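When we follow my numbering, the leftmost residue of the sequence shown carries the number -12, and every step to the right adds one. Working notes, beginning with the structure itself.
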Amino acid sequence: MAAIHYAAYFDVPSVIELLLGASRKSDIDSPCHEFDGGAPLHIAASTLCLGAARTLVEFGAGLTCTDALGRVPLECVPELRPGEAFPNEEGVASSLRELLHCSLPSSHPSESHSSSADCPSSPATSGRVLLHSLGLKIGDKVVISGSKVGTLRYCGTIHFASGIWAGVELQGPLGKNDGSLGGVSYFHCPMNHGIFAPLTKIQKYDGGSQAENVASTKAPRPAKNISYPKVDVSHVSSKVQTGLATLRQKHTYDRKNHELSIGDTVLVGQRKGVVRFMGETQFAPGCWCGIELVKPDGKNNGSVKGVSYFTCPPNHGVFALPSKVKWLPSGAEEETSDLDSLVDLNTSLSRSSTDGDSGGSPASQRSAEKKNPRSQHAKTIQTTLKKGCWLTVGMNVFVSNELGVIRYIGPVHFEEGTWLGVELRSANGRNDGSVQGRRYFTCKPNHGLIVRPSKVTVRGINSAKLFEEQPHS
């Protein structure tokens, strides 16, 4: 993301004006990979940043400019379902549509599409045009993300997402459906042979190395344990300093000349575990790590689709690519306690079987405080927003380099102080806005996080700096 993309995402019109003035508007329609190749106006529309959108329109941003999914900015304004949006967001979305709709040239098809439902041929036409530009047609053999090979059966819009999507019938049972989604049939194929993907992920099959990957899934070779060397990326840094001195970065150790092996203690995202398997698998091509997690945050017991790769308790096993695994040297387990606490607050609490009030009886609370003097000390501090602070619900933020939106600011039932509820753009969260049966906000499953302000960055500022601690009276 370039500076103008960040300015559009965080809705800072004054910064947009400065950037466009300095570049003489040369980057006003520059594409952003993180937003499907969309321009700054696409970003402002999809994140409901009305101020940024108005500034970009005033400076002449391309209203008919399309992203990688063939969408103009007007088509990126999210459709807010009842109960899923705050009242002010519905008004912002309506104002954005009016702004982008009125500014569109009258000849552009999106204007008639947004004002009338009598254009059923428009999505199909867009799909055919995009297919033609890629040199593809229905029935062609294609490859998805360079790994899965199949036959293109559908190209067009779908009911659960915007943009143009491709429906592919895979050669093997590596898909997720039979060509139907949510009761809507887009094409027909055997069960688990169908998959949908953005058109940008589709390429024409050239009969090259992808065939070997497919062959390996059809006739899997016996799994063998190998050592997989890691690529040293410690010298790579972000172009933009976001202020996120996260625990992941803090506990990244020098792994030069270290080969991951069975028995190593590792981190997978925010989860700690031990490597129990390394080698090729039958469920996907390439080398995979089988990891036994310390806590039941996994997906299996070391077996996938009836094939056992290692043995561990249920829900303690997980498989990950070696590039997603971080090695921890011996003796470093205690240093990851802060990282584990973040997982505890968002997963362990939501999975606990405590009945009734989470606080328990006064006697149990006194007992817990004796056992944990640290928590007793924490209860003497109250965290509040500083006077004149501009942090509000609905603002776009970063959480551990993930894009998200603040949905809740306030106290929680499981800990003292002020916490932030964040809805992530991707399904990398831990909940749906509720923890241990207590709801703080509403979002899609695995899109929600409840975190301390120190984990959140807004406009390049660690949000902990926007709060102040006061003695609890």
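For every residue, glycine included, the Cβ atom is placed at its ideal position computed from N, Cα and C. Computed from a predicted model, the values in this text were never measured in an experiment.
Quick one, which of the options has its alpha-carbon nearest residue i's?
{"i": "residue 265", "options": "257, 256, 259 and 251", "result": "251"}
{"i": "residue 396", "options": "2, 405, 420 and 185", "result": "405"}
{"i": "residue 479", "options": "306, 452 and 399", "result": "Outside the shown range of the chain (-12 to 460) lies residue 479, about which nothing can therefore be said."}
{"i": "residue 4", "options": "-7, 43, 27 and 13", "result": "43"}
{"i": "residue 122", "options": "190, 273 and 389", "result": "190"}
{"i": "residue 262", "options": "292, 163, 313 and 294", "result": "313"}
{"i": "residue 380", "options": "253, 286, 18 and 76", "result": "76"}
{"i": "residue 309", "options": "297, 276, 302 and 57", "result": "276"}
{"i": "residue 117", "options": "187, 79, 10 and 23", "result": "187"}
{"i": "residue 376", "options": "436, 403 and 445", "result": "445"}
{"i": "residue 293", "options": "273, 274, 268 and 303", "result": "268"}
{"i": "residue 63", "options": "45, 40 and 437", "result": "40"}
{"i": "residue 12", "options": "22, 23, 45 and 20", "result": "45"}
{"i": "residue 156", "options": "271, 136 and 170", "result": "136"}
{"i": "residue 281", "options": "260, 270, 301 and 425", "result": "260"}
{"i": "residue 452", "options": "170, 378, 300 and 57", "result": "378"}
{"i": "residue 171", "options": "162, 145 and 193", "result": "145"}
{"i": "residue 58", "options": "403, 418, 421 and 22", "result": "22"}
{"i": "residue 295", "options": "270, 82 and 315", "result": "270"}
Per DSSP, residue i is paired with what?
{"i": "residue 187", "result": "Bridge partners of residue 187: none, in fact."}
{"i": "residue 383", "result": "392"}
{"i": "residue 265", "result": "276"}
{"i": "residue 461", "result": "Look at the range of the chain in this structure, -12 to 460, and you will see that residue 461 is not part of it."}
{"i": "residue 17", "result": "Its beta-bridge partners do not exist; DSSP assigns none."}
{"i": "residue 407", "result": "396 and 438"}
{"i": "residue 314", "result": "253"}
{"i": "residue 259", "result": "254"}
{"i": "residue 418", "result": "435"}
For residue i, which residues from the same chain have a beta carbon less than 8 Å from its beta carbon, with the 5 sequence-adjacent residues on both sides left out?
{"i": "residue 349", "result": "Residue confidence is low: residue 349 scores 42 on pLDDT, short of 50, so the model does not pin down where it sits. Its coordinate-derived value is still stated next. Within the same chain, residue 349 has no close Cβ partners at all."}
{"i": "residue 6", "result": "-10, -9, -6 and 14"}
{"i": "residue 178", "result": "160, 164 and 165"}
{"i": "residue 125", "result": "118, 139, 140, 141 and 142"}
{"i": "residue 283", "result": "300, 301, 302, 303 and 338"}
So what does DSSP say about residue i, is it helix, strand or coil?
{"i": "residue 33", "result": "helix"}
{"i": "residue 302", "result": "coil"}
{"i": "residue 138", "result": "strand"}
{"i": "residue 78", "result": "helix"}
{"i": "residue 168", "result": "strand"}
{"i": "residue 46", "result": "coil"}
{"i": "residue 85", "result": "helix"}
{"i": "residue 22", "result": "helix"}
{"i": "residue 424", "result": "coil"}
{"i": "residue 250", "result": "coil"}
{"i": "residue 143", "result": "strand"}
{"i": "residue 125", "result": "coil"}
{"i": "residue -7", "result": "helix"}
{"i": "residue 55", "result": "coil"}
{"i": "residue 451", "result": "helix"}
{"i": "residue 4", "result": "helix"}
{"i": "residue 62", "result": "helix"}
Would you say residue i reaches chain D, if we count a Cβ-Cβ gap shorter than 8 Å as a contact?
{"i": "residue 268", "result": "Absent from the structure: chain D. Only one protein chain is present."}
In chain order, what residues of the same chain lie with their CB nearer than 6 Å to the CB of residue i, ignoring the 5 residues before and after it?
{"i": "residue 398", "result": "none"}
{"i": "residue 443", "result": "384, 386, 407 and 450"}
{"i": "residue 38", "result": "-2 and 0"}
{"i": "residue 183", "result": "152 and 154"}
Beta-carbon within less than 7 Å of residue i's beta-carbon, same chain only, minus the 5 sequence neighbours each way: which residues are those?
{"i": "residue 255", "result": "278, 305, 307, 311 and 312"}
{"i": "residue 16", "result": "26, 48, 49 and 52"}
{"i": "residue 287", "result": "304"}
Give a yes or no on contact between the region 426 to 440 and the region 404 to 418, applying the rule of three or more CB pairs nearer than 8 Å.
-> They touch, by the three-pair rule.
Would the region 377 to 394 and the region 412 to 422 be scored as touching if the rule is three or more Cβ pairs under 8 Å?
-> With three or more CB-CB distances shorter than 8 Å, the region 377 to 394 counts as touching the region 412 to 422.
Are at least three pairs of beta-carbons, each pair with one atom in the region 127 to 146 and one in the region 29 to 36, less than 8 Å apart?
-> No contact exists between the region 127 to 146 and the region 29 to 36.
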